[in-house]
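Structure record follows, encoded as structure tokens.
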Amino acid sequence: MANGSFEVDASGVAEYRHLNFFEGPHGYIFYTDDSNSTLDQLAGIALSPDVDRIDAFCRNFAVLETALRSSRIGFSLSIVPERAVLAPGEVKEGYAVSSERPVMQVLTHALQKYGISLDYPVDRLQAFELTKVCSKTDSHISQIAFHQIVKSASKDLAKERLAQIDDEVAFEWIMNEKIGDLAHIRGCGEPEAFYVPAFSSEPIELFDTAKLRFQPGFTDNAAMFYKASATPGFAIVFGTSSARCALAFVSQMYQLTLHIWTNDIDLSLIRQLRPDHVFAFITEKVIHNLEFNIDYKCAPQVRVQSEYITDLYRKGVLEASLNNPDLDPPASRPRRTRKTR
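So, in structure tokens, the structure goes:
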């Protein structure tokens, strides 16, 4: 089956038949028929965003950064590079990423019009051996790569906080074998060895709405983690699968970490919960279609749950409450309002 200039493999388990794959000369697997047309987009031959969309992304970032700074809340946005950007030679002979691809247009516009330097740490990752930052069979870059991305996003944080993901006592790299998501979806492949971080202690998962499913059809996923031994503080992380990968490190740096599965930003929730720092991790391939909406509203269940646990944390009674069944209050519980005469 042909897709543009790529010959693709339409095999795969039944529920993923609509996805096609391209395998490079050394066994690296890539999506080639995904909704973002990732390989063609990176090559500069598809999905170039219009100027208004680029400006909306940069303008909303500038407004958000100013709003959070005025509230003394730290903010870091990282654009996570695609595997094909780090390994163009593993796609096919002659394949090259374009200097005019969507992310480069956004970076240039943000700097020229708004004086903002967005974090896109591709040079930092290219300094590593390819096998350390790219899996052959997983659509995400490696945990070693995400470690570097989180360090880049955290460069302005206190040294004692950053030390919790950059200290030999805190963690070590170990080898683990698993079948990458692309190999799994394709329905074939042997387990691949991955470097994964082994921390001296792991955070406790307080809730995960993807598991709890408060109501039928509820899809606005969020999760919150608590680590008593971390430096005191509270962080909110926005983003989808890339943010989930980065969460392994962010949740080690703060006692309380909330992850909300969206590429947009709920500014009203940030103002309500008052975190110390906000992180956003956006995958490069979605930049072409993203306006970075800062007026996004999380589901009521997420807001109630997050506010309740954050309040316990600030009162210093969260740890004592962990075995209390009321830690997960029904999201439908009405808020008490003061009656007026």
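Sequential numbering of the sequence shown, starting at 2, is according to our numbering. Note that beta-carbon positions come from the ideal geometry of N, C-alpha and C, so glycine has one too.
- In the structure shown, C246 adopts helical secondary structure according to DSSP, grouped into three states.
- The Cβ atoms of I295 and L268 sit closer than 8 Å to each other.
- Between the stretch 309-327 and the stretch 113-122 there are fewer than three C-beta pairs closer than 8 Å, too few to call the two in contact.
- Closest in alpha carbon position to D51, among H110, I150 and I80, is H110.
- In the three-state reduction of the DSSP assignment, N61 falls in the helix class.
- The residues D209 and H260, in chain order, have a CB closer than 6 Å to that of A224 in the same chain once the five nearest residues on each side in sequence are set aside.
- Contact annotation: A236 and P276 have beta-carbon atoms nearer than 8 Å.
- Within the model, the alpha-carbon separation for S99 versus T284 is close to 17 Å.
- The alpha carbon of H27 has as its nearest neighbour, out of V92, N290, Q144 and T311, the alpha carbon of V92.
- Of the residues assessed, W174 falls on the exposed side of the cut-off, its CB having fewer than 16 other CB atoms within 10 angstroms.
- Relative to V104, the option among N290, E308 and H141 whose CA is nearest is N290.
- When S36, Q149 and E101 are compared, the shortest CA-CA separation from A249 is found for Q149.
- Contact between the stretch 74-94 and the stretch 150-168 is present, with at least three C-beta pairs closer than 8 Å.
- Assignment of alpha helix (DSSP H) within the stretch 113-163, counting only whole runs of 4 or more residues, yields 123-127, 131-134, 144-154 and 160-163 in chain order.
- When rounded, the separation of the alpha-carbon atoms in F147 and K133 is 11 Å.
- S79 has D120 and F282 as its beta-bridge partners, per DSSP.
- For I310, the enclosing alpha helix (DSSP H) stretches over residues P301 to R315.
- Taken through DSSP and simplified to helix, strand or coil, I261 comes out as strand.
- Beta-bridge annotation (DSSP): F172 is paired with F200.
- In terms of CA proximity to T33, K286 leads the group K286, S322, E320 and I310.
- Nearest neighbour of Y121 by Cα position, chosen from V197, E94, F200 and K152, turns out to be K152.
- In its chain, beyond the 5 residues on either side, L274 have a beta carbon closer than 6 Å to the beta carbon of T311.
- If you draw a straight line from the Cα of S72 to the Cα of T258, it is about 19 Å long.
- According to DSSP, F208 shares a beta bridge with M225.
- Judged by DSSP secondary structure, E24 falls within the beta strand (DSSP E) whose first and last residues are F22 to E24.
- The continuous stretches of alpha helix (DSSP H) do not include V318, and DSSP gives it neither H nor E.
- A distance below 6 Å between beta-carbons, with the five flanking residues on each side excluded, links Q106 to the following residues of its chain, in chain order: I55.
- Around the Cβ of T39, a 10 Å sphere holds 16 or more other Cβ atoms; the residue is buried.
- Here D53 is exposed. Its C-beta has fewer than 16 other C-beta atoms within 10 Å.
- Looking at the DSSP output, V238 sits in a beta bridge with H260 and F280.
- By the Cβ neighbour-count rule, A229 is exposed, with fewer than 16 other Cβ atoms within 10 Å of its own.
- The C-beta distance from T232 to Q165 rounds to 7 Å, short enough to fall under 8 Å.
- Proximity to E101 across S118, D139, R125 and L43 peaks at L43, based on C-alpha coordinates.
- Counting along the chain, I30 sits inside the beta strand (DSSP E) bounded by residues I30 to Y32.
- Secondary structure at N290: helix, using DSSP grouped into helix, strand and coil.
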